[in-house]
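Enquirer: Protein chains in written order, with the working numbering: chain A, 1 to 637; chain B, 1001 to 1258. Beta carbons are placed, not taken as given, at the ideal position from N, Cα and C, and that holds for glycine. Take a look at this one; I'll ask things after.
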Ligand SMILES: Cc1cc2nc3c(=O)[nH]c(=O)nc-3n(C[C@H](O)[C@H](O)[C@H](O)COP(=O)(O)OP(=O)(O)OC[C@H]3O[C@@H](n4cnc5c(N)ncnc54)[C@H](O)[C@@H]3O)c2cc1C
Ligand code: FES
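Next up, the structure:
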């Protein structure tokens, strides 16, 4: 496998323009002769399917939910970045580019990031034209807020429902194409394999989640916009259905997997309350603007927070990072919370939590002001915990939130399999080792509305695509592979439920491949995952049959893939002997506990190539070059 | 905490269904209703009984996947709360709960508590959008929209499409859902060019799907987890009436050009 990033080179400001000019075009009359599959209807898949339909391609779009409108993108709260500089506060495309490369701890490709910053501006125009009701000022202009430690105010938002509103915009565009007959939608349909013929992606195998029918779909190109894989940890802020199956199947068909160990942990989530917990709820990062984070100075101090006097509290972020204080980036805030809990100073019943205290702000600004700023978040917190955060400090703890890793793609967003494009959270591009807040929505829409529609055309116009049908041996082999696997799940008839395996896998991943990692821990995780996987294939219990709605069967397939991906994540973390962004290896830290990057040896993206089951995959490296933003140590002291 | 559940079990759309009784002593007041069903399902599977099927995804009250009747009320007793966010604190130890799927002809039951809401997608496909191609818009701030208008549009756009409104309505009307989308777009300047056409097509699609007529009873508003108000139905009716009066056959020339 040879990695060719296909970066246009030359001045970065005009690179995308030149690329678009050099890309071949498909004659408008020929577009309808092409069949294109889009898997996923989130911001990435939904916007791509709508745009390709509008361009005239024959599009089939798939999602596992009952409606494309329910893709996980709907849950994004905070906002979307764009370099509009509407606030005249010094923002520019170059600054957004710079912040993203630096925020990603110098592990992303400069040319991709620059293009993302350029497209950000068009996204806002597009969304407003669709009727997305962004927040506005009294004068009628769009409002902005600052987010995730950025020094400029460039985040656009629709209350706490930005993802919902952007997704509904894309969804409505998609429904318009469905109405026009240009897109055929397949909801409640799960992709279970990719079909590759003559080295090119030519279709997929799916299971109808209502009837159980396992079917083939032939195409000229396949686009995956299937989201992130944070649920490998079982507990995460992701929707319950989010999974890695589509990208994992593609990996096993030859698509390289980029930076699998790069995951993001969000510092402000509601802590776990019991072992029945099914998912974690995010509390917006904006709370850190007015809340002060602390734990008791003494270990095991079980007094209620109001009884702990000021001089027995440790405002550890303010103490350690006097200039950024409570506003340090996500990875730093998360790691510090873990450290104080590891010292036995965590709060709440499980002692896995820290206080986020609004007492001082309420005293200074009044309860009304705080209610105006965060009222809906406080309400949500109270609904879940039954505690009143106006009176008692909130308890928060970090949780898995986003995966920067994903299938490796070149500048054209094509994977190492020609004709297989990967967009949104499912690919590895743009965010390096750490994603900035409000940048995922931007990336998904940039990929779907403004990049893949051009690069797909270039591929189709420049590739000899022979006619194939689903009687081809590759289709038949993939089809029977899926059928056999489904039967196997149903026939094991063991004694443990899928969820119980998933929880155990998640715990291993969280303990050993979560906020802090060590070589020893990762090695032990790999062997524990292997034996748990073995047990799974012998002892999992899936009741019912294939020819019906069978949620345990759906979960079994997803968890089986999570086992394999989890192992690859540990392997990737083990080979990256440095700390960068969300990847913190305890062996590589400064004397005062900060991450130590190693640019001499690790200034690359890792791309793993599958070699067969139970065979160690091969690691390829894409060397990263920085011509514009020169790598520096991040410091928030 | 101990609860007794009476849950609607139905293997598929064609088959008959019935209420089954299950008990669990492993409930906890801090659990969400869906976590309670997770725990119950683990217990059922332990005994070799197939788990109860229910729809869910985000578990944060935003995707609109979840929803069923609890003791006859859509999404249960807490106002403005979906079942995924409803905790067991709202129930007493030993209480009996009756869980049933949304009941409406236009929402056939697929299995247990899961129904088919694809009619909602078809209503949106009948004009619930602004016809703007990707790549051609003007600068976003070239269009000034008064904050109050934008806020009202956002109130309507907050609908999550869960279907509680239909389930609560004695006539199984989808007017709140349809009205919310017609209002969202109709309140904004971007939605004006297609406003009449949109109202006509969406309302006709809604009726064609077999949803009942709105009788202004207001049950929908009472159960809506996002607080969508009846005002949206009034706006839909006004737009539909106006559009019906103004409706003219489309000119052939314009059709050809398109
Ligand atoms: C709670 C929360 C809050 C967030 N807030 C923000 C924010 O404020 N700003 C920001 O920028 N980002 C935010 N993010 C991140 C952002 O929401 C996601 O990264 C982004 O929406 C992902 O979009 P996507 O289109 O790539 O994938 P998704 O929206 O996850 O869509 C995946 C699609 O793929 C389909 N799919 C998956 N697997 C299969 C399969 N095998 N077969 C068929 N279909 C399949 C699904 O049905 C779905 O349609 C947040 C994330 C979370 C969890
Ligand atoms: S599961 Fe998404 S709203 Fe309840």
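#1: Does the CB of residue 1081 of chain B have a neighbour CB from chain A at under 8 Å?
#2: Any heavy atom of ligand 1 closer than 7 Å to the Cβ of residue 77 of chain A?
#3: Using a beta-carbon distance below 8 Å, is residue 398 of chain A in contact with chain B?
#4: Which residues bound the alpha helix (DSSP H) around residue 1166 of chain B?
#5: State yes or no: is the beta carbon of residue 1256 of chain B nearer than 8 Å to at least one beta carbon in chain A?
#6: Between the segment 131-153 of chain A and chain B, which residues of the former have CB atoms less than 9 Å from a CB of the latter, in chain order?
#7: Residue 1012 of chain B versus chain A: which residues are under 8 Å apart at the beta carbon?
#8: How about the segment 1034-1053 of chain B and the segment 1134-1154 of chain B: do they share at least three Cβ pairs that are nearer than 8 Å?
#9: Can at least three beta-carbon pairs, one atom from the segment 365-384 of chain A and one from the segment 301-319 of chain A, be found at a separation below 8 Å?
#10: Under three-state DSSP, which class holds residue 42 of chain A?
#11: Go ahead and label residue 466 of chain A buried or exposed: buried means 16 or more other beta carbons lie within 10 angstroms of its beta carbon, across all protein chains shown.
#12: Is residue 1035 of chain B near ligand 2, with its Cβ less than 7 Å from a heavy atom?
#13: Kindly indicate if chain A contains any beta-carbon less than 8 Å away from that of residue 1262 of chain B.
#14: Find out if the Cβ-Cβ distance for the pair residue 131 of chain A, residue 1130 of chain B is shorter than 8 Å.
#15: With a threshold of 8 Å between beta carbons, is residue 128 of chain A in contact with chain B?
#16: Since residue 1147 of chain B is in the alpha helix (DSSP H), which residue starts that stretch and which ends it?
#17: Report yes if the C-beta distance between residue 468 of chain A and residue 222 of chain A is below 8 Å; otherwise report no.
#18: If we ignore side chains and look at the alpha-carbon of each, how far apart do residue 1199 of chain B and residue 1012 of chain B end up?
#19: Is any heavy atom in ligand 1 found nearer than 7 Å to the beta carbon of residue 442 of chain A?
#20: If you draw a straight line from the C-alpha of residue 1254 of chain B to the C-alpha of residue 1244 of chain B, how long is it?
#21: Taking Cβ-Cβ distances shorter than 7 Å, what residues in chain B pair up with residue 74 of chain A?
#22: Quick check on residue 178 of chain A - is its C-beta less than 8 Å from some C-beta in chain B?
#23: Taking the Cβ atom as the reference point for each residue, do residue 300 of chain A and residue 357 of chain A lie within a distance shorter than 8 Å?
#24: Kindly examine ligand 1 and report whether one of its heavy atoms sits closer than 7 Å to the Cβ of residue 251 of chain A.
#25: Compute the minimum distance between the beta carbon of residue 638 of chain A and the heavy atoms of ligand 1, and state whether it is under 7 Å.
#26: When Cβ atoms are compared, which residues of the segment 1184-1195 of chain B fall closer than 8 Å to chain A?
#27: So, with DSSP's three-state summary, where would you put residue 510 of chain A?
#28: Would you say residue 559 of chain A reaches chain B, if we count a Cβ-Cβ gap shorter than 8 Å as a contact?
#29: Interface residues of chain B around residue 159 of chain A at Cβ under 7 Å?
#30: Which residues bound the beta strand (DSSP E) around residue 1220 of chain B?
#31: In the structure shown, what three-state DSSP assignment does residue 1253 of chain B receive?
#32: Tell me whether the beta-carbon of residue 331 of chain A lies closer than 8 Å to the beta-carbon of residue 417 of chain A.
#33: Which residues bound the beta strand (DSSP E) around residue 1238 of chain B?
#34: So within the segment 463-493 of chain A, which uninterrupted beta strand (DSSP E) runs reach at least 3 residues, ignoring any that extend past its ends?
#35: Drop a sphere of 10 angstroms on the beta-carbon of residue 42 of chain A, count the other beta-carbons inside from all chains shown, and report buried for 16 or more, exposed for fewer.
#36: If we define contact as Cβ-Cβ less than 8 Å, is residue 1164 of chain B a contact residue for chain A?
Expert: Answer, in terms of the structure:
#1: yes
#2: Distances between the C-beta of residue 77 of chain A and the heavy atoms of ligand 1 include at least one below 7 Å.
#3: no
#4: 1164-1168
#5: At residue 1256 of chain B the pLDDT is 47, less than 50, meaning the model places this residue with poor confidence; the figure from the coordinates comes in the next sentence. So no, residue 1256 of chain B is outside the interface.
#6: Close to chain B, meaning a Cβ-Cβ distance shorter than 9 Å, are the following residues of the segment 131-153 of chain A: 131, 132, 133, 134, 135, 136, 137, 138, 139, 140, 141, 142, 143.
#7: 548, 549
#8: Segments in contact, no.
#9: no
#10: coil
#11: exposed
#12: no
#13: With chain B covering only 1001 through 1258, there is no way to say anything about residue 1262 of chain B.
#14: yes
#15: yes
#16: 1147-1157
#17: no
#18: Inter-residue distance for residue 1199 of chain B and residue 1012 of chain B is about 35 Å (C-alpha atoms, whole angstroms).
#19: Under cutoff, so the answer is yes.
#20: With a pLDDT of 46 at residue 1254 of chain B, under the threshold of 50, the predicted position of this residue should be treated as unreliable, though the coordinate-derived value follows. Straight-line Cα distance between these residues: approximately 20 Å.
#21: 1058, 1062, 1063
#22: yes
#23: Against a cut-off of 8 Å, the Cβ pair of residue 357 of chain A and residue 300 of chain A comes out as no contact.
#24: no
#25: Given a span of 1 to 637 for chain A in the structure shown, any question on residue 638 of chain A remains unanswerable.
#26: Answer in chain order: 1184, 1185, 1188, 1190, 1191.
#27: helix
#28: So, not an interface residue.
#29: 1154
#30: Run containing residue 1220 of chain B: none in the beta strand (DSSP E); it sits in the alpha helix (DSSP H), 1219-1223.
#31: Any reading at residue 1253 of chain B needs caution, since the residue's pLDDT is 48, under 50, leaving its predicted position unreliable; the model's value is listed next. Helix, per DSSP.
#32: Result no, Cβ atoms of residue 331 of chain A and residue 417 of chain A do not sit closer than 8 Å.
#33: Counting along the chain, residue 1238 of chain B falls outside any beta strand (DSSP E), though it belongs to the alpha helix (DSSP H) covering 1231-1246.
#34: none
#35: buried
#36: So no, residue 1164 of chain B is outside the interface.
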